[in-house]
Amino acid sequence: MDLETGVYHNHVKKESWRTVLTLAFQSLGVVYGDLSTSPLYVYKSTFAEDIQHSETNEEIYGVLSFVFWTLTLVPLLKYVFIVLKADDNGEGGTFALYSLLCRHARVNSLPNCQLADEELTGYKKDSFGLAPISSFGSTLKSTLEKHRVLQRFLLVLALIGTCMVIGDGVLTPAISVFSAVSGIGLSTAKEHHKYIEVPVACIILIALFALQHYGTHRVGYLFAPVFLTWLLCISAIGIYNIFHWNPHVYQALSPLYMWKFLKKTQKGGWMSLGGILLCITGSEAMFADLGHFSQLSIKIAFTAVVYPSLILAYMGQAAYLSQHHVIENDYQVGFYVSVPVKLRWPVLVIAILAAVVGSQAIITGTFSIIKQCSALGCFPRVNIVHTSSKIHGQIYIPEINWILMLLCLAVTIGFRDTKRLGNASGLAVITVMLVTTCLMSLVIVLCWQKSVFLAICFVFFFGTIEALYFSASLIKFLEGAWVPIALAFIFLIVMCIWHYGMLKKYEFDVQNKVSINWLLSLGPSLGIVRVRGIGLIHTELVSGIPAVFSHFVTNLPAFHQVLVFLCIKSVPVPHVRPGERFLVGHIGSREYRLYRCIVRYGYRDVHKDDIEFERDLICSIAEFIRSGSVGSNSVDDDLVKEEEKMTVVGTSSTHTEGIQISEDDDNNVELAGMSELREIRSPQVVKPRKRVRFIVP
1 MDLETGVYHN HVKKESWRTV LTLAFQSLGV VYGDLSTSPL YVYKSTFAED IQHSETNEEI
61 YGVLSFVFWT LTLVPLLKYV FIVLKADDNG EGGTFALYSL LCRHARVNSL PNCQLADEEL
121 TGYKKDSFGL APISSFGSTL KSTLEKHRVL QRFLLVLALI GTCMVIGDGV LTPAISVFSA
181 VSGIGLSTAK EHHKYIEVPV ACIILIALFA LQHYGTHRVG YLFAPVFLTW LLCISAIGIY
241 NIFHWNPHVY QALSPLYMWK FLKKTQKGGW MSLGGILLCI TGSEAMFADL GHFSQLSIKI
301 AFTAVVYPSL ILAYMGQAAY LSQHHVIEND YQVGFYVSVP VKLRWPVLVI AILAAVVGSQ
361 AIITGTFSII KQCSALGCFP RVNIVHTSSK IHGQIYIPEI NWILMLLCLA VTIGFRDTKR
421 LGNASGLAVI TVMLVTTCLM SLVIVLCWQK SVFLAICFVF FFGTIEALYF SASLIKFLEG
481 AWVPIALAFI FLIVMCIWHY GMLKKYEFDV QNKVSINWLL SLGPSLGIVR VRGIGLIHTE
541 LVSGIPAVFS HFVTNLPAFH QVLVFLCIKS VPVPHVRPGE RFLVGHIGSR EYRLYRCIVR
601 YGYRDVHKDD IEFERDLICS IAEFIRSGSV GSNSVDDDLV KEEEKMTVVG TSSTHTEGIQ
661 ISEDDDNNVE LAGMSELREI RSPQVVKPRK RVRFIVP
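Residue 482 in full-length UniProt numbering sits at position 482 of the sequence shown, and the numbers go up by one each step.
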């Protein structure tokens, strides 16, 4: 189903079933890392202190019933059948929902937006076939457009979800690796546990983060087989435990056992929901990683492989525990105790590999979401390293990587047990889900144009479930749940301050920009000597002349014959097609040789400031001149007309024939057959060319 048209498009017709099944197989190693490793610590966290396992089995049956229905209602019903349909041109995640709302309600956190951006493919599709928006939807839309406070609240809500995802990037590797390594404890004396588990977990985590700069393109093909092996392993062990220990454990799937569980355990049972919550950790990844796969492939992988494997694994553990009531320590309710003795070491190795791969997925996802925050002006600019020249989106951020590693080691060494790590991770997970539920309710009304009653039903049903788990997690604030709150608060403050500063800087640039009429009054030479070459003036402005350029004109003795005011900006769509990336226009008449070029990127696009980008930039200007487009304004034109007369020009790969760029031995560039651009050719030099850019501070 296309979110913005309400019509289901069968993409399988375009993709063969072989391709879909291949994507489904590959998604096992990327999407379901956290979700698949949750059996390592769910029962152990649930039975930590709040409730005790008894011979009546009401506790273990109640926990199994909660796990089954939570997995069924949240990942299966909410995400697979509802949330996955709310894609933003194939992309998912918190920013995808926020971007959709920005476009439909004309709410934009980016200051330099233009009317021309709304003409981008995928910005807003034809609403043919949709029911007219309801009166409540119209009122809600106009209210959001009028009140800046509500717009800021919507942005903060999206940022809270984003910050919790970043916090999950700290906590998930810690709890996954620590729980996988805890299997060593069954083969060692109790007093030696702390000398083995924590150091081994820290060594694995350090190695994991230290290898991030190499990327995953060389070993990525192993991720899916590792998780398929892990899922088959835990499901086979689950089937064995069911038939060997308690074939009647399936009775616990009845929701009646949830009522019996809460009735008997009361407050302790409610507090133990914080451990049960961990069975759905990683569910948000199905939506967040939608852009790498497809809706159908993710649905097939979850319903056919992941969901049944997890249910069998949890049922198998419950069957074993139902026949073993004497609990000496928390290891007796862990995952490894239900594994046959002869298989524990092989399963331990597979579990560690699965934990490492799952942690890798969340770390990569954290890099991606930081990059999206930066693109939307909500995070400081960071050094983004592209680890693969072939695979799109393979990025590495050194600063974030080392910060995550230090924080991950800190919580591992500081907590040293699954219980407090689980409390911290659970709160981060459920907060992201609550944010998704809130944003989805707005999407249902504003984007899908459904009735408000349907949105209320969605919020009430799933919001009630998530609020129950959220309250159980929040009550354990002093027992570890304070960590994600503290991390989210720090990152949220950084994001809000940076976004506020960016807006103020743009307002200052707008208020102090130079009049185009003043610039054109200087004449074609601008009152200075014009030498051969292209000069790029980087600016955030999409109209007008930056104030710093008047300083250049006043103080520099010479300037380039071709001047380009270059604005690189992000737009609230995931991707911008190469043919729509460049907006080019004249400033003044042709003899001034002044151009404005606006380069647009989506929040998921990868921007590389390299030779290819410079080639595309020059080609876009050359194509604009060759096509004989009308200048963007004359002396008497106003700034609105200037923006309206910008022309969309494609990259070098989309240009028609007639433009050729040749590079001589001196790395000088000349556009063949174009007399006006001959000044682009720089004077010949012996040394390799050096690029000089004037950047507006």
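Glycine included, each C-beta is placed from N, C-alpha and C at the ideal position.
On a predicted model such as this, the values are computed, not experimentally measured, just so you know.
Taking DSSP's pairing of strands, which residues face residue i in a bridge?
i	result
residue 595	564 and 586
residue 570	601
residue 213	None, per the DSSP bridge assignment.
residue 396	385
What is the DSSP secondary structure of residue i, counted as helix, strand or coil?
i	result
residue 87	coil
residue 371	helix
residue 633	Note that residue 633 scores a pLDDT of 42, beneath 50, so its modelled location is shaky and nothing firm can be said.
residue 575	coil
residue 658	With a pLDDT of 47 at residue 658, under the threshold of 50, the predicted position of this residue should be treated as unreliable, though the coordinate-derived value follows. Coil.
residue 723	Residue 723 lies beyond the stretch modelled for the chain, which goes from 1 to 697, so this question has no answer here.
residue 37	helix
residue 107	coil
residue 707	Nothing about residue 707 can be read from this structure; the chain reaches only from 1 to 697.
residue 31	coil
residue 647	strand
residue 668	Note that residue 668 scores a pLDDT of 41, beneath 50, so its modelled location is shaky and nothing firm can be said.
residue 675	The predicted position of residue 675 is uncertain, since its pLDDT is 39 and thus under 50; a value taken from the coordinates is nonetheless stated next. Of the three classes helix, strand and coil, the one that applies to residue 675 here is helix, per DSSP.
residue 416	coil
residue 721	Outside the shown range of the chain, which is 1 to 697, sits residue 721, and nothing can be said about it.
residue 448	coil
residue 244	helix
residue 462	helix
residue 18	helix
residue 380	coil
residue 173	helix
residue 344	helix
residue 136	helix
Going by other Cβ atoms of all chains shown within 10 Å of its Cβ, with 16 needed for buried, is residue i buried or exposed?
i	result
residue 360	buried
residue 684	Since pLDDT at residue 684 reaches only 40, below the 50 mark, its modelled position is unreliable, and no value is offered.
residue 136	exposed
residue 19	exposed
residue 692	The predicted position of residue 692 is uncertain, since its pLDDT is 43 and thus under 50; no value can be drawn from it.
residue 710	Missing from the structure shown is residue 710; the chain here goes from 1 to 697 and no further.
residue 299	buried
residue 319	buried
residue 467	exposed
residue 208	buried
residue 277	buried
residue 230	buried
residue 314	buried
residue 100	buried
residue 457	exposed
residue 205	buried
residue 586	buried
residue 49	exposed
residue 358	buried
residue 402	exposed
residue 678	Residue placement at residue 678 cannot be trusted, given a pLDDT of 39 that sits under 50; what the coordinates show is reported in the next sentence. Exposed: under 16 other Cβ atoms inside 10 Å.
residue 148	exposed
residue 29	buried
residue 582	buried
residue 406	exposed
residue 151	buried
residue 697	Residue confidence for residue 697 is low, a pLDDT of 36 falling below 50, so the modelled location carries little weight; the figure read from the coordinates is stated next. The residue in question, residue 697, is exposed, as its Cβ has fewer than 16 Cβ neighbours within 10 Å.
residue 584	buried
**Asked** Counting Cβ pairs, one atom from each stretch, are 3 or more of them under 8 Å apart for the segment 195-205 and the segment 219-227?
**Response** no
**Message:** Restricting to runs no shorter than 4 residues, where is the alpha helix (DSSP H) found entirely within the segment 475-559?
**Reply:** 482-511, 516-520 and 547-555
**Inside the segment 276-328 only - alpha helix (DSSP H) runs reaching at least 4 residues** = 284-288, 295-301 and 307-321
**Item:** Segment contact, 8 Å Cβ cut-off, at least three pairs: the segment 368-383 with the segment 153-173
**Value:** yes
**Request:** Decide yes or no for the touch test of the segment 518-536 against the segment 571-584: beta carbon pairs closer than 8 Å, at least 3 of them.
**Result:** no
**Request:** Taking 8 Å as the threshold, find out whether the segment 346-357 comes into contact with the segment 29-45 through three or more Cβ pairs.
**Result:** yes
**Prompt:** Is the segment 478-489 touching the segment 415-426 in the sense that three or more CB pairs, one from each, lie closer than 8 Å?
**Reply:** yes
**Message:** Check whether the segment 78-90 and the segment 286-304 are in contact - that is, three or more C-beta pairs closer than 8 Å.
**Reply:** yes
**Asked** Is it a yes or a no for the segment 91-105 touching the segment 66-82, going by three-plus beta-carbon pairs under 8 Å?
**Response** no
**Request:** Please determine if the segment 248-260 and the segment 57-72 are in contact, where contact requires at least 3 C-beta pairs separated by less than 8 Å.
**Result:** yes
**Item:** Cβ contact (3+ pairs, closer than 8 Å) linking the segment 592-603 and the segment 553-567
**Value:** yes
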